[in-house]
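Residue numbers (this note's numbering): 182 to 600.
Following: one structure in structure tokens, then a few remarks.
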């Protein structure tokens, strides 16, 4: 029996096509992952090495987490049976799992995950997602068929099986099959930072402890050599808290490179700032700032939110493919539900309270969901201060509804909130 417009069998849907264990001991050749990695003669482990940097690793994780923390889910249709099937087959945890795998495209430019289906209660549902490591596939420039389709490098297998491989790219409109890694823009700051650490370790080993120089006068070179050896032996035995008297010595000086080592802090700070700009579009919300106004902080936060919003839009399009496949396999001819990631900004709290004062309907459900207010279980569980004035002290939430008609306004009388 075949399923979907692309005529796949149950065995093809439910089996795993890419056996990762077969590739564990194979060192694949460097492909065109990024021209800049080839020009610098780097290997695919460059990405892993860059992610080991505390600043880069934390900012990449922060950017991925901000996308996954946005409100996401499907938009119900008039077909309640279809809605229920989607709720069961694609719950929140399933979407989070595939979303995290696909967001690896931020680092590697492209991410590929195989969908393993299983039959449950008469429906084919995603049972697992197998992330294909970036080093295992490439995009040969002269391959037959679609140049955007990845090919397993060792076995020359094209990953184009129907309903099996989700491909997510971070290409920012470039159209590159291999996408564009966000690490590309921070490569040189990272290299300078590495060299700075190397210099600091070398300086600390060689000149981190001040050297002592004794100045003296002698009449002959022979006497000078003997006197220098005697003084050197004596100075070498100095320990913390000890005392030493030296005869016929004009002066004692300390040799150190304190200023040069202190410049290391400046180098690292500059590199970290440039890394923040490259990965998040700003620096004030990810660096320890000594100066800056609240307006600057808000502007930087908005800039980072715009970067996250673009990531969310791209991820939404890729996960929509999974929603389309679910409908094509299980409900041929029916329109798939739309998957949505809400990256819009929530209305400020004072705007909501002002709308309530003006008797504009506002959704209670949206307030509980978007602002994480504790929703009472019943009337006995609710707490209401009847004489309390409307307060604008509660800060605005993060990404949420825009309270437009049909989304966050009261959908009916029971959901609307008035004074």
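Idealized CB from N, CA, C, for every residue including glycine.
Original post:
For the beta strand (DSSP E) that contains residue 350, what are its first and last residues?
Top reply: Counting from 1 along the chain shown, the entry for residue 350 is found at position 169. Where residue 350 is concerned, the enclosing beta strand (DSSP E) stretches over 346 to 350.
**OP:** Please confirm whether residue 347 and residue 297 have their CB atoms less than 8 Å apart.
**Re:** Counting from 1 along the chain shown, the entry for residue 347 is found at position 166. Counting from 1 along the chain shown, the entry for residue 297 is found at position 116. Not a contact, by the Cβ cut-off of 8 Å.
Subject >> Helix, strand or coil at residue 193 according to DSSP, with G and I counted as helix >> reply: Here residue 193 refers to the residue found at position 12 when the chain shown is read from its first residue. DSSP places residue 193 in helix when its eight states are reduced to three.
Original post:
Is the beta carbon of residue 511 sitting closer than 8 Å to the one on residue 266?
Top reply: Against the chain shown, residue 511 aligns to sequence position 330. Against the chain shown, residue 266 aligns to sequence position 85. Contact flag set, yes.
Subject >> Other residues of its chain near residue 344: CB distance less than 8 Å, five sequence neighbours each side excluded >> reply: Your numbering for residue 344 matches position 163 in the chain shown. Same-chain partners within the cutoff: 185, 187, 189, 194, 296, 298, 506, 509 and 510.
Original post:
How many angstroms separate the CA atom of residue 494 from the CA atom of residue 522?
Top reply: As a first step, residue 494 must be located in the chain shown, where it is residue number 313. As a first step, residue 522 must be located in the chain shown, where it is residue number 341. Distance between the alpha carbons of residue 494 and residue 522 is about 7 Å.
Subject >> Own chain partners of residue 252 with C-beta closer than 6 Å, once the 5 adjacent residues on each side are dropped >> reply: By 1-based counting over the chain shown, the position of residue 252 is 71. Cβ within range, chain order: 523.
**OP:** Name the one or two DSSP bridge partners that residue 456 has.
**Re:** Taking the first residue of the chain shown as position 1, residue 456 is located at position 275. Residue 456 pairs with nothing; no bridge assigned.
Original post:
So what's residue 402 in DSSP terms, helix, strand or just coil?
Top reply: Here residue 402 refers to the residue found at position 221 of the chain shown. Note: residue 402 maps to helix in three-state DSSP.
Subject >> Exposure label - residue 406; buried when at least 16 CB within 10 Å >> reply: Translated into positions along the chain shown, residue 406 becomes position 225. Residue 406 comes out exposed.
**OP:** Return the bridge partner residues of residue 318 from the DSSP annotation.
**Re:** Along the chain shown, read from residue 1 onward, the residue named residue 318 stands at position 137. Partner(s): 333.
**OP:** Look at the Cβ atom of residue 263, then the Cβ atom of residue 518, and state whether they are nearer than 8 Å.
**Re:** Reading the chain shown from its first residue, position 82 is the one you call residue 263. Reading the chain shown from its first residue, position 337 is the one you call residue 518. Yes, Cβ-Cβ distance for residue 263 and residue 518 is below 8 Å.
Subject >> Counted within 10 angstroms of its Cβ, other Cβ atoms place residue 138 as buried (16 or more) or exposed >> reply: No answer is possible for residue 138: it lies beyond the span of the chain, which begins at 182 and ends at 600.
**OP:** State the beta-bridge partners of residue 297 as determined by DSSP.
**Re:** Counting from 1 along the chain shown, the entry for residue 297 is found at position 116. Looking at the DSSP assignment, residue 297 forms a beta bridge with 309.
Original post:
Does the segment 357 to 370 come within contact of the segment 451 to 464, defined as at least 3 CB pairs closer than 8 Å?
Top reply: yes
Original post:
Between residue 281 and the rest of its own chain, which residues show a CB-CB distance below 8 Å, the 5 nearest in sequence each way excluded?
Top reply: For this step, residue 281 is matched to residue 100 along the chain shown. Cβ within range, chain order: 245 and 249.
**OP:** My understanding is that residue 293 touches residue 313, with C-beta atoms under 8 Å, so please give their C-beta distance in whole angstroms.
**Re:** Stepping through the chain shown from its first residue, residue 293 is reached at position 112. Stepping through the chain shown from its first residue, residue 313 is reached at position 132. Right, the Cβ-Cβ distance comes to about 4 Å (below 8 Å), so this counts as a contact.
**OP:** Specify the secondary structure class of residue 556 as computed by DSSP and reduced to three states.
**Re:** One-based indexing of the chain shown puts residue 556 at position 375. Looking at residue 556 - three-state DSSP - the assignment turns out to be coil, as it is neither helix nor strand.
Subject >> For residue 338, the residue or residues it bridges with in DSSP >> reply: Position 157 of the chain shown, counting from 1, holds the residue named residue 338. Per DSSP, 333.
Original post:
Across which residues does DSSP place residue 432 in a beta bridge pair?
Top reply: The residue given as residue 432 occupies position 251 in the chain shown. For residue 432, which the question treats as bridged, DSSP gives the partners 396.
Subject >> Burial state of residue 539, where buried means 16 or more other Cβ atoms lie within 10 Å >> reply: Working through the chain shown from its first residue, we reach residue 539 at position 358. Classification for residue 539: exposed.
Original post:
Residue range of the alpha helix (DSSP H) that residue 234 falls in?
Top reply: Position 53 of the chain shown, counted from the first residue, corresponds to residue 234. No alpha helix (DSSP H) contains residue 234, which DSSP labels as neither H nor E.
**OP:** Determine the burial state of residue 320: buried for a count of at least 16 other Cβ atoms within 10 Å of its Cβ, exposed for fewer.
**Re:** Taking the chain shown and counting its residues from 1, one reaches residue 320 at position 139. Burial call: buried.
Subject >> Buried versus exposed, by CB contacts within 10 Å (16 or more), residue 286 >> reply: In the chain shown, the residue the question calls residue 286 occupies position 105. Buried: at least 16 other Cβ atoms inside 10 Å.
**OP:** Note the first and the last residue of the continuous beta strand (DSSP E) segment covering residue 522.
**Re:** Here residue 522 refers to the residue found at position 341 of the chain shown. Per DSSP, residue 522 belongs to the beta strand (DSSP E) from 519 to 523.
**OP:** Count the other CB atoms, across all protein chains shown, that sit within 10 Å of the CB of residue 414; report buried if there are 16 or more and exposed otherwise.
**Re:** As a working note, residue 414 is residue 233 in the chain shown. Residue 414 comes out exposed.
Original post:
Alpha carbon to alpha carbon, what distance is there between residue 229 and residue 197?
Top reply: Your numbering for residue 197 matches position 16 in the chain shown. Your numbering for residue 229 matches position 48 in the chain shown. Their Cα atoms are separated by approximately 26 Å.
**OP:** Quick one: measure Cβ to Cβ for residue 255 and residue 504, integer angstroms, because I've assumed they're closer than 8 Å.
**Re:** Reading the chain shown from its first residue, position 74 is the one you call residue 255. Reading the chain shown from its first residue, position 323 is the one you call residue 504. Rounded, the Cβ-Cβ distance is 7 Å, consistent with contact.
**OP:** With DSSP as the reference, label residue 303 as helix, strand or coil.
**Re:** To locate residue 303, count along the chain shown from 1; it is residue 122. Coil, per DSSP.
Subject >> Run of the beta strand (DSSP E) containing residue 562, from where it starts to where it stops >> reply: As a first step, residue 562 must be located in the chain shown, where it is residue number 381. No beta strand (DSSP E) contains residue 562, which DSSP labels as neither H nor E.
Original post:
Do you know offhand how far residue 514's Cα is from residue 259's?
Top reply: Position 333 of the chain shown, counting from 1, holds the residue named residue 514. Position 78 of the chain shown, counting from 1, holds the residue named residue 259. Residue 514 and residue 259: Cα-Cα distance of roughly 15 Å.
Original post:
Just checking my contact of residue 330 with residue 340 at CB under 8 Å: how many whole Å lie between their CB atoms?
Top reply: Working through the chain shown from its first residue, we reach residue 330 at position 149. Working through the chain shown from its first residue, we reach residue 340 at position 159. Indeed, because the Cβ distance is near 6 Å, the residues count as touching under 8 Å.
Original post:
Which term fits residue 528, buried or exposed, when burial requires 16 or more other beta carbons within 10 angstroms of its beta carbon?
Top reply: Within the chain shown, residue 528 is the residue found at index 347, counting from 1. That one is buried.
Subject >> Neighbour-count burial assignment, residue 554, 16 or more Cβ in a 10 Å radius >> reply: Taking the chain shown and counting its residues from 1, the one referred to as residue 554 is at position 373. That one is exposed.
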